[in-house]
Amino acid sequence: MVKKIIFAVSSGLLAGVVSYFYGDMIQNQLVEDYSKEVPTIAIFISCLIGTILATVGHWVLTKFIPSFGEVIFGLLFAGLTTASLIGVLGFVFKGETTEAHQYIFYCYAMPMHFFPFLAWYTLKPLFETK
Numbered sequence: 004m005v006k007k008i009i010f011a012v013s014s015g016l017l018a019g020v021v022s023y024f025y026g027d028m029i030q031n032q033l034v035e036d037y038s039k040e041v042p043t044i045a046i047f048i049s050c051l052i053g054t055i056l057a058t059v060g061h062w063v064l065t066k067f068i069p070s071f072g073e074v075i076f077g078l079l080f081a082g083l084t085t086a087s088l089i090g091v092l093g094f095v096f097k098g099e100t101t102e103a104h105q106y107i108f109y110c111y112a113m114p115m116h117f118f119p120f121l122a123w124y125t126l127k128p129l130f131e132t133k
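Using this note's numbering, the first residue of the sequence shown is number 4, and each one after it goes up by one.
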């Protein structure tokens, strides 16, 4: 169980660090600042919560449905990650902004939604016990 906790936290931290550096790179290259809309701490917390919930969901599904739990989990994780993009697409800036500014924000925020998924599956082989 300790190994699963370490796995969940380490994959969340990896996703958070990658998200931070990706966001910093985009903000520097495009000279945009989204720190008011998406604070750095919110990015790290959402990555940690996402990977912790994924680890719990994986454990539950593989424990109670051993033959199909892995497949069901993968489909659910990918589906929920993709569905989370609705929040980004529904976000509207307040005040004066252009349509281009909105599209730049999409390019900034949308890839970050996939980083917990990618970090979780990247580190999973290191923590698997068979």
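In this text, a Cβ means the ideal position worked out from N, Cα and C, and glycines have one as well.
{"Asked": "Neighbourhood of Gly60 by C-beta distance below 8 Å, restricted to the same chain and skipping five residues each side", "Found": "Phe76, Leu79, Phe80"}
{"Asked": "The segment 10-20 in contact with the segment 44-64 per 3-pair CB rule at 8 Å", "Found": "yes"}
{"Asked": "Assumed close pair Leu83, Gly72 - CB separation to whole angstroms, cut-off 8 Å", "Found": "Their Cβ separation, rounded to whole angstroms, is 16 Å, which puts Leu83 and Gly72 out of contact at 8 Å."}
{"Asked": "Collapsed DSSP secondary structure at Ile68 in the structure displayed", "Found": "coil"}
{"Asked": "Counted within 10 angstroms of its Cβ, other Cβ atoms place Tyr109 as buried (16 or more) or exposed", "Found": "exposed"}
{"Asked": "Closest by C-alpha distance to Phe94, when choosing among Met28, Val41, Lys6", "Found": "Val41"}
{"Asked": "Beta-carbon gap between Glu35 and Ile89 smaller than 7 Å", "Found": "no"}
{"Asked": "Start and end residues, alpha helix (DSSP H) containing His104", "Found": "102-112"}
{"Asked": "Test item: CB-CB of Cys50 and Gly26 under 7 Å", "Found": "no"}
{"Asked": "Near the ligand FAD: Asn31 beta-carbon under 6 Å from a heavy atom", "Found": "With respect to the ligand FAD, the structure shown offers nothing to examine, as it has no ligands at all."}
{"Asked": "7 Å Cβ shell around Ser22 - same chain, five flanking residues per side excluded", "Found": "Ile46, Cys50, Met115, Phe118"}
{"Asked": "First through last residue of the alpha helix (DSSP H) which encompasses Val91", "Found": "88-92"}
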